Structures are given as structure tokens and as C-alpha cells.
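Structure, as C-alpha cells:
Chains as they are written, first to last, in our numbering: chain A, 1 to 202; chain B, 203 to 404.
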């Protein structure tokens with residue numbers, strides 16, 4: 001069985017990466033979401049072990065020290081990270097895995113998994129990004145300002161990604177993401193086995 | 203207007219690249235086929251200026267000398283080539299252009315248009331490839347053997363391509379090609395303008 005594809009869906013907070021990931025997972029049962037760990041408090045409706053693994057700060061710090069994360073980041077006074085073990089097992093079993101993570105984390109994944117596919121989700125506009133962060137209604141004003149500053153710095157990392165995914169509408173963005181996944185599976189460097197069979201069969 | 207995408211659909215004779223190109227052009231009116239020139243005799247149903255520009259050998263040789271081809275090749279005692287002018291005009295006008303060409307020609311395009319997308323069409327199997335070449339019924343036995351030898355050498359060029367496209371069924375292959383086109387349009391390096399607008403808008 002060939003190794004699964006690691007898809008890193010990233011971009012500024014508020015760009016809509018969560019909604020797009022939810023939509024593509026509903027449409028494509030061949031994909032699996034990697035569940036992240038975080039020390040932030042659950043928002044309404046979020047389920048432990050499904051939305052995130054909600055951890056105490058001490059537990060999280062211990063896991064960092066043990067090297068148990070593919071990537072981790074502190075962001076607005078909370079920790080976020082991707083536990084290594086589960087992702088490796090999913091990939092080995094041939095499953096395609098989506099990581100929905102912040103830009104800071106994505107850059108760490110890039111150094112460890114250069115073969116992963118890096119997708120930068122763009123909001124329709126900077127104004128719309130601000131509206132979305134404000135609209136969420138869960139953050140204080142200084143947090144909103146902090147996030148906007150952060151977003152601007154994150155845009156400067158975009159050339160380290162493979163694809164941009166403009167989130168004009170969730171439906172259109174999801175279809176484009178689906179095309180990216182289909183296309184990536186056809187790239188020469190991911191099909192060495194198929195090619196070998198063909199060449200040897202001569 | 204941003205420059206169009208140059209798609210090189212290539213692979214051994216008999217792999218089915220012609221059928222796939224015909225199908226995708228019917229499905230996606232945003233694509234344009236580049237019409238090749240050749241010195242081979244028209245097959246039944248082929249129309250001059252549409253299927254190919256059917257040229258005399260002397261005319262073709264003159265065009266080679268004048269540098270009027272993006273690529274050209276001699277194949278089974280005939281010349282094939284892609285006139286440069288028309289393709290450049292289509293790309294400049296923002297149209298996406300498909301070149302359906304032999305492997306030998308594709309390698310020439312690669313050196314001149316490194317930004318082009320190179321797709322290698324694989325037949326379902328080597329046996330099926332032979333059946334298709336025989337089944338066409340237009341070629342003598344020594345030509346069939348020549349083509350099979352050629353195909354085997356062409357497979358060795360596959361790692362210079364970006365994508366493999368297994369032609370298991372025309373419908374499935376066409377859908378995959380469509381995904382490749384959609385995904386390539388989203389690659390970071392093809393979206394410098396969009397990104398610049400975003401970063402400057404901060």
C-alpha cells in the first residue's frame with residue numbers, strides 16, 4: 001500500500017480554513033482529519049478528542065519535551081500542536097491526512113515533511129478577514145488587533161506554500177481543494193511504484 | 203490579463219492522448235488546442251488546419267530552418283511540429299493551451315517553456331498499448347514493432363514530466379486531467395499578482 005498524502009491547510013486565523021476542512025471531509029470520505037492538541041478553552045459545541053484534544057498546559061509542555069509533536073506553536077497565550085504518532089500511523093496505513101494548522105506550525109511541518117502539500121487559505125479580502133475575526137465575538141479588541149497584525153506577517157510566508165486557496169465561497173474553495181488533492185496524487189514523484197511496474201513490464 | 207497555462211499532453215503513440223484531449227476540449231471551453239503541423243498523410247476524417255496542418259516536407263524543413271517551431275520531431279519517417287506563433291498569441295491572450303505531442307517533442311518544449319505543465323499519458327498496460335497500435339489497422343508490422351520499441355524508450359523519460367495520467371477509461375482520465383488544470387492554476391508561482399495585491403493591501 002502506498003503512503004498517504006499529507007495535506008497542510010493553513011492560513012491566517014479567520015480565513016476560513018476550518019470551514020473548508022469540515023466541508024471537504026464531509027464530501028471526501030477518503031480523507032482523515034488530524035486532531036490537534038491545544039491548551040485553549042473549548043468553544044461552544046467543540047468536543048474533546050474530535051475538535052481538539054484539550055490539554056492542560058503542563059501536559060502539553062511535557063509532550064513538547066518528549067518530541068511528541070510534528071509542530072507546535074503558542075498563539076494568543078495558548079499552545080497548539082499536532083501529535084506525531086497518530087498522523088504517522090494514518091499515513092502508513094495509506095490514508096490521506098489533513099492538518100488544519102496555523103502558519104507558524106505549517107513552517108515546522110515543512111522542514112519535517114517536505115513531501116507534504118502546503119495550501120494557504122486566503123480570505124476574500126483583508127477587510128473581510130477583520131469582520132470575521134470580530135464577528136466570531138469571542139475575542140477582546142486587543143486580541144483582534146493582535147490577530148490582524150499576525151495575519152499580515154503570515155501573508156509574507158505565502159511563497160513557502162504550494163497553493164493558494166481563495167475562500168470566496170466555501171463551496172468553490174472546497175471544490176478547488178478537491179482538485180488539488182486529485183492532482184497531487186498524480187504527480188510523478190508520488191507514483192514511483194506505478195512507473196516502476198510499467199518500465200519493468202517491458 | 204494573466205498569461206495562459208501551457209499544458210503538454212504527451213506519451214507513447216497509442217496511449218490515447220488524442221482521445222483524452224478531444225474529450226477535455228469538449229468539456230472545457232476555456233481550453234484551446236494547439237494545432238500541430240505534420241508531413242504524414244491525413245487519416246480518414248482528419249481535416250487540414252484542424253486535426254493538423256498537413257505540410258509538404260520541403261515547407262516543413264524551411265520552417266525548421268526559420269525557427270518557426272516550438273518543437274519538432276521526425277517519427278516513423280514523418281515530421282511533426284508545433285508552430286510557435288499561434289501558441290504564443292494564445293498564451294498572451296490569457297488562453298490555456300493544450301499541446302498534444304510525442305515525447306521527443308515534449309522534451310524540447312520543456313527546455314523552452316519550463317513553466318509548462320507536462321503530463322505523461324500511460325496506457326492501461328503494455329499489452330493494451332500493442333493492441334491499440336495494431337487495432338488502428340493503418341500501420342505495417344515493422345512500423346508496429348518500431349512504435350513498441352519507441353514506447354519503451356519513452357517510458358524512461360517519464361521522470362521529466364510533472365504528472366502521470368493513466369488512461370484506464372477516457373472518462374476517468376479526462377476528469378483527472380481537469381483536476382490537474384484546476385490545481386495548477388492555484389499554484390503559488392502562478393499567482394504572483396493576486397498575492398501582491400493581498401500583501402500590498404495591508
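Every residue gets a Cβ at the ideal spot worked out from N, C-alpha and C, and that includes glycine.
Given the structure is predicted, the values throughout are model-derived calculations rather than measurements.
Going along the chain, which residues of its own chain have a beta-carbon closer than 8 Å to the beta-carbon of residue 20 of chain A, five neighbours each way excluded?
-> Taking the first chain and counting its residues from 1, one reaches residue 20 of chain A at position 20. Cβ neighbours of residue 20 of chain A beyond the five flanking positions: 9, 121, 165, 167, 170, 173, 174, 177.
Return yes when the Cβ of residue 327 of chain B is within less than 9 Å of the Cβ of residue 285 of chain B, no when it is not.
-> Looking up residue 285 of chain B in the second chain gives position 83. Looking up residue 327 of chain B in the second chain gives position 125. The answer is no: Cβ separation not under 9 Å.
Is there at least one Cβ from chain B nearer than 9 Å to residue 178 of chain A's Cβ?
-> Position 178 of the first chain, counting from 1, holds the residue named residue 178 of chain A. Closer than 9 Å: yes.
Touch check for the stretch 192-202 of chain A and the stretch 303-312 of chain B: three-plus C-beta pairs under 8 Å?
-> no
Comparing alpha-carbon positions, which option in B:363, B:383, B:272 lies nearest residue 191 of chain A?
-> Along the first chain, read from residue 1 onward, the residue named residue 191 of chain A stands at position 191. Closest by alpha carbon: B:363.
Does DSSP classify residue 210 of chain B as helix, strand or coil?
-> As a position in the second chain, residue 210 of chain B is number 8, starting the count at 1. Strand at residue 210 of chain B.
In angstroms with no decimal places, state the Cα-to-Cα distance between residue 115 of chain A and residue 94 of chain A.
-> By 1-based counting over the first chain, the position of residue 115 of chain A is 115. By 1-based counting over the first chain, the position of residue 94 of chain A is 94. Going by the C-alpha atoms only, they are around 15 Å apart.
Residue 6 of chain A to residue 153 of chain A span [Cα, whole Å] = What you label residue 6 of chain A is simply residue 6 of the first chain in a count that begins at 1. What you label residue 153 of chain A is simply residue 153 of the first chain in a count that begins at 1. Straight-line Cα distance between these residues: approximately 25 Å.
Based on the DSSP output, what are the partners of residue 38 of chain A in its beta bridges?
-> The count along the first chain starts at 1 and reaches residue 38 of chain A at position 38. Residue 38 of chain A is bridged to A:54, A:80.
Neighbourhood of residue 15 of chain A by C-beta distance below 7 Å, restricted to the same chain and skipping five residues each side | By 1-based counting over the first chain, the position of residue 15 of chain A is 15. Within the same chain, residue 15 of chain A has close Cβ partners 121, 122, 123, 129, 167.
Chain-ordered chain B contacts of residue 187 of chain A [CB-CB under 7 Å] = Taking the first residue of the first chain as position 1, residue 187 of chain A is located at position 187. Correct list: 364, 365.
With DSSP collapsed to three states, give me the class of residue 300 of chain B.
-> The residue given as residue 300 of chain B occupies position 98 in the second chain. It is a strand residue.
Name the residue from B:342, B:271, B:230, B:352 whose alpha carbon lies nearest to the alpha carbon of residue 311 of chain B.
-> In the second chain, the residue the question calls residue 311 of chain B occupies position 109. When only C-alpha atoms are compared, the closest one is B:271.
Residues in its own chain within less than 6 Å of residue 219 of chain B by CB, not counting five upstream and five downstream?
-> Start at 1 with the first residue of the second chain, and residue 219 of chain B comes out as number 17. Once the five neighbours on either side are set aside, the close Cβ partners of residue 219 of chain B are 211, 213, 302, 323.
Determine the DSSP secondary structure at residue 271 of chain B, reduced to helix, strand or coil.
-> What you label residue 271 of chain B is simply residue 69 of the second chain in a count that begins at 1. Of the three classes helix, strand and coil, the one that applies to residue 271 of chain B here is strand, per DSSP.
Output the distance between the C-alpha atoms of residue 54 of chain A and residue 140 of chain A, rounded to the nearest integer angstrom.
-> To locate residue 54 of chain A, count along the first chain from 1; it is residue 54. To locate residue 140 of chain A, count along the first chain from 1; it is residue 140. Going from the Cα of residue 54 of chain A to the Cα of residue 140 of chain A covers about 22 Å.
Enclosing alpha helix (DSSP H) for residue 181 of chain A [first to last residue] = Translated into the one-based positions of the first chain, residue 181 of chain A becomes position 181. Residue 181 of chain A -> alpha helix (DSSP H) spans 170-184.
How would you call residue 85 of chain A, buried or exposed, if buried means at least 16 neighbouring beta carbons within 10 angstroms?
-> In the first chain, the residue the question calls residue 85 of chain A occupies position 85. Looking at its Cβ environment, which holds fewer than 16 other Cβ atoms inside 10 Å, residue 85 of chain A is exposed.
Residue 211 of chain B versus chain A: which residues are under 9 Å apart at the beta carbon?
-> In the second chain, the residue the question calls residue 211 of chain B occupies position 9. By Cβ distance, chain A contributes nothing, its closest Cβ being about 13 Å from residue 211 of chain B, past 9 Å.
Just checking my contact of residue 33 of chain A with residue 98 of chain A at CB under 8 Å: how many whole Å lie between their CB atoms?
-> Numbered from 1 along the first chain, position 33 holds the residue referred to as residue 33 of chain A. Numbered from 1 along the first chain, position 98 holds the residue referred to as residue 98 of chain A. About 5 Å; that satisfies the 8 Å criterion.
Measuring CB to CB, does residue 204 of chain B end up less than 9 Å from residue 395 of chain B?
-> Numbered from 1 along the second chain, position 2 holds the residue referred to as residue 204 of chain B. Numbered from 1 along the second chain, position 193 holds the residue referred to as residue 395 of chain B. Yes, these two residues count as a Cβ contact at 9 Å.
Measure the alpha-carbon distance for residue 244 of chain B versus residue 275 of chain B and round it to whole angstroms.
-> Locating residue 244 of chain B in the second chain gives position 42, where the first residue counts as 1. Locating residue 275 of chain B in the second chain gives position 73, where the first residue counts as 1. Approximately 17 Å, taken between the alpha carbons.
Coil, strand or helix - residue 405 of chain B by DSSP | There is no way to answer for residue 405 of chain B, as the model of chain B reaches only from 203 to 404.
Where residue 117 of chain A and residue 365 of chain B are concerned, what is the direct C-alpha to C-alpha distance, given to the nearest angstrom?
-> Taking the first chain and counting its residues from 1, the one referred to as residue 117 of chain A is at position 117. Taking the second chain and counting its residues from 1, the one referred to as residue 365 of chain B is at position 163. C-alpha separation (whole angstroms): 15 Å.
Can you tell me which of A:188, A:187, A:181, A:186 puts its alpha carbon nearest to the alpha carbon of residue 28 of chain A?
-> Here residue 28 of chain A is taken as the residue at index 28 of the first chain, counted from 1. Here the closest residue by C-alpha is A:181.
May I ask which residues mark the beginning and end of the alpha helix (DSSP H) holding residue 328 of chain B?
-> Here residue 328 of chain B refers to the residue found at position 126 when the second chain is read from its first residue. That run of the alpha helix (DSSP H) goes 328-337.
Examine chain B for any beta-carbon lying closer than 9 Å to the beta-carbon of residue 103 of chain A, and answer yes or no.
-> Here residue 103 of chain A is taken as the residue at index 103 of the first chain, counted from 1. Taking Cβ atoms only, chain B never reaches closer than 9 Å to residue 103 of chain A, which makes this a no.
At 9 Å on the CB atoms, spell out the chain B contacts of residue 194 of chain A, in chain order.
-> As a working note, residue 194 of chain A is residue 194 in the first chain. Neighbours of residue 194 of chain A on chain B, chain order: 324, 366, 368.
Quick one: give me the first and last residue of the alpha helix (DSSP H) that residue 117 of chain A is part of.
-> Within the first chain, the letter at position 117 stands for residue 117 of chain A. Where residue 117 of chain A is concerned, there is no enclosing alpha helix (DSSP H), although the beta strand (DSSP E) it sits in stretches over 117-122.
Helix, strand or coil at residue 359 of chain B [DSSP, three-state] = As a working note, residue 359 of chain B is residue 157 in the second chain. Three-state DSSP puts residue 359 of chain B in coil, outside helix and strand.
Where residue 389 of chain B sits in the DSSP three-state scheme | Within the second chain, numbered from 1, the residue matching residue 389 of chain B stands at position 187. Three-state DSSP puts residue 389 of chain B in a strand.
Residues of chain B with CB under 8 Å from residue 113 of chain A, in chain order?
-> Locating residue 113 of chain A in the first chain gives position 113, where the first residue counts as 1. Per Cβ cutoff of 8 Å: no residues; residue 113 of chain A is ~18 Å from chain B at best.
Where residue 315 of chain B falls: helix, strand or coil (DSSP) = Numbered from 1 along the second chain, position 113 holds the residue referred to as residue 315 of chain B. Correct three-state label for residue 315 of chain B: coil.
Roughly how many whole angstroms lie between the Cα atoms of residue 65 of chain A and residue 58 of chain A?
-> Reading the first chain from its first residue, position 65 is the one you call residue 65 of chain A. Reading the first chain from its first residue, position 58 is the one you call residue 58 of chain A. The alpha-carbon atoms of residue 65 of chain A and residue 58 of chain A are separated by roughly 11 Å.
With 16 other Cβ atoms within 10 Å as the buried cut-off, status of residue 273 of chain B | Taking the second chain and counting its residues from 1, one reaches residue 273 of chain B at position 71. With 16 or more Cβ atoms within 10 Å of its Cβ, residue 273 of chain B is classed as buried.
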